Ligand code: 6PG
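In my numbering, the protein residues as written are 1217 to 1709.
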């Protein structure tokens, strides 16, 4: 008996691809597997896939012929040109209504472009964020699909079956049109960068300010993982703290070169935030912290030339209290980071005309993904209670949390500044918070300066407007008596 047998096809047998196939097979789907280097297909079939409902294909033609209609094909190949190349290779073998899903970390404008392009060919394209690494892919990732919504009813069963579950709900929902799925995954990664940097700062403070050993720091993370910070990233950090180099029994962590890598998704988030004019300071700072770490040679030279000058080099105070404050500083900064991330997505929804659903985004991140945490349950609840919440900090829960955390947070930022220990993300979060809650910022002076040197104009505060300087009008003042009265044109970048 021949004919199409496959419910779902997957191209790309690297670690994520193989594990997603195994996951889908375990959930009752017959999966057709293909890889550009075909020997990998045979190896996979003879090993990991043996005895499972997985069939191999040795050419794109064979792959397509083995899939039931409408074909559901997922690409898990390197982002960029390989995705476009595979799309072109697939096209001659597809029929109208077939579905191509890109599960890589593609840049969202590429996904928007591909959705539109494939729509003209009658093919429904989906760009889906996939998070959770190897284990997530195997036992339940967080999936963030977006693109051509017509595809959703056809892929929903596979996606929601293989996705992680949180309190019985799948960590996968339709995100929105065009590149919305990859956009949300990009912001997820930006937040991941921020969470990781915040944890790194906490570790550095415990190590350098409090002189704690890795084992002691690991014990603190163990405790934190039972409270409000309970999350996958705290859990793995705890394990890293306890991990010793078997050659000498010393912590391996201390031997790892302090030069961070990055594949670009955090940077994309920061660039997009600048493009949309959104103050997403924490993610941007976490990207820049990686950049600073990576100029290790220059930092080493600077460490010899630039000395610490301050009143004290030693932590003074109650260590237990300080550790409790540190937990609050991390918690508060994390709240700020997520508040900023959701602000960005809110703005993106407006800008790109997507219907992003905040409660379901929080739900998708609750389980399976790298930033999964108990905290995301609170965010889900906050947005479920009020989906139109202007800012996460306005919800009763987070409003209370940020107020409770504030004294400890301020103490940590100020004490570490006095000790010369860098806290780019703790500090930027606090500065942002203080800026955000300030009604009158010194931008009045900035506007005056701009008008002074470039006649860029300013507007009056409505309550201070008068006949000479009316409200809601672009005003230029001849500050020196020398300049003319002509003002520059006004436009907003
Ligand atoms: C995930 C991760 C993953 C990402 C890595 C590496 O959600 O599973 O975000 O998609 O590729 O975290 O990112 P960097 O190399 O940029 O740190």
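By construction, the Cβ of each residue, glycine as well, lies at the ideal position given by its N, Cα and C atoms.
Note that the structure is a prediction, hence the values are computed from the model and not measured.
Rounded to the nearest angstrom, what separates residue i and residue j at their Cα positions?
i, j, result
"residue 1230", "residue 1292", "8 Å"
"residue 1646", "residue 1312", "53 Å"
"residue 1444", "residue 1621", "11 Å"
"residue 1537", "residue 1367", "54 Å"
"residue 1246", "residue 1306", "20 Å"
"residue 1269", "residue 1284", "15 Å"
"residue 1375", "residue 1448", "22 Å"
"residue 1337", "residue 1328", "15 Å"
"residue 1271", "residue 1364", "28 Å"
"residue 1217", "residue 1248", "Residue placement at residue 1217 is poorly supported in this model, since its pLDDT is 44, which falls under 50; the coordinates still yield a value, given next. Roughly 17 Å separates the two Cα atoms."
"residue 1590", "residue 1612", "17 Å"
"residue 1614", "residue 1637", "28 Å"
"residue 1462", "residue 1429", "18 Å"
"residue 1693", "residue 1676", "12 Å"
"residue 1578", "residue 1224", "27 Å"
"residue 1181", "residue 1599", "A question about residue 1181 goes unanswered here, because the residues of the chain that appear run from 1217 up to 1709."
"residue 1683", "residue 1689", "11 Å"
"residue 1698", "residue 1662", "21 Å"
"residue 1355", "residue 1251", "22 Å"
"residue 1642", "residue 1542", "10 Å"
"residue 1226", "residue 1351", "18 Å"
"residue 1678", "residue 1564", "30 Å"
"residue 1349", "residue 1394", "24 Å"
"residue 1427", "residue 1512", "23 Å"
"residue 1239", "residue 1389", "18 Å"
"residue 1228", "residue 1234", "8 Å"
"residue 1288", "residue 1405", "26 Å"
Go ahead and pull the three-state DSSP assignment for residue i.
i, result
"residue 1382", "strand"
"residue 1248", "strand"
"residue 1373", "helix"
"residue 1407", "helix"
"residue 1412", "helix"
"residue 1361", "strand"
"residue 1346", "strand"
"residue 1303", "helix"
"residue 1511", "coil"
"residue 1691", "strand"
"residue 1401", "helix"
"residue 1426", "coil"
"residue 1698", "coil"
"residue 1447", "strand"
"residue 1527", "coil"
"residue 1662", "helix"
"residue 1467", "strand"
"residue 1459", "coil"
What residue does the beta strand (DSSP E) around residue i start on, and which one ends it?
i, result
"residue 1233", "Note, residue 1233: premise wrong, no beta strand (DSSP E); alpha helix (DSSP H) at 1231-1242."
"residue 1318", "1315-1318"
"residue 1588", "It is not in any beta strand (DSSP E) - residue 1588 carries neither H nor E in the DSSP assignment."
"residue 1290", "1288-1291"
"residue 1272", "1270-1272"
Tell me which residue opens and which closes the alpha helix (DSSP H) that residue i is part of.
i, result
"residue 1391", "Note, residue 1391: premise wrong, no alpha helix (DSSP H); not H, not E."
"residue 1329", "1324-1336"
"residue 1579", "1574-1580"
"residue 1349", "1349-1355"
"residue 1533", "Unbroken run through residue 1533: none, as it is neither H nor E."
"residue 1640", "1640-1652"
"residue 1678", "Here residue 1678 belongs to no alpha helix (DSSP H), and DSSP marks it neither H nor E."
"residue 1226", "Looking at the DSSP string, residue 1226 is not in any alpha helix (DSSP H); the run it does join, the beta strand (DSSP E), is 1224-1227."
"residue 1434", "1430-1440"
"residue 1629", "1612-1635"
"residue 1484", "1481-1491"
"residue 1478", "First-last for residue 1478: undefined, no H or E at that position."
"residue 1262", "1255-1262"
"residue 1277", "1276-1281"
Taking 7 Å as the cut-off, does the CB of residue i come closer than this to any heavy atom belonging to ligand 2?
i, result
"residue 1636", "Absence of ligand 2 is noted for the structure shown, with ligand 1 being the only ligands found."
Do the segment 1431-1442 and the segment 1571-1583 touch if we need at least three Cβ pairs shorter than 8 Å?
no
Below 8 Å, how does it come out for the segment 1670-1678 and the segment 1447-1461: are there three or more Cβ pairs, yes or no?
No contact exists between the segment 1670-1678 and the segment 1447-1461.
Cβ contact (3+ pairs, closer than 8 Å) linking the segment 1409-1416 and the segment 1496-1504
A contact exists between the segment 1409-1416 and the segment 1496-1504.
Hey, is the segment 1340-1357 in contact with the segment 1313-1323, meaning 3+ C-beta pairs nearer than 8 Å?
yes
Assess contact between the segment 1470-1490 and the segment 1625-1634, defined as three or more Cβ pairs (one per stretch) separated by less than 8 Å. Is contact present?
As far as the Cβ criterion goes, the segment 1470-1490 does not touch the segment 1625-1634, which means the pair count is below three.
Are the segment 1470-1487 and the segment 1547-1554 touching, with three or more C-beta to C-beta distances below 8 Å?
no
Are the segment 1388-1399 and the segment 1555-1570 touching, with three or more C-beta to C-beta distances below 8 Å?
yes
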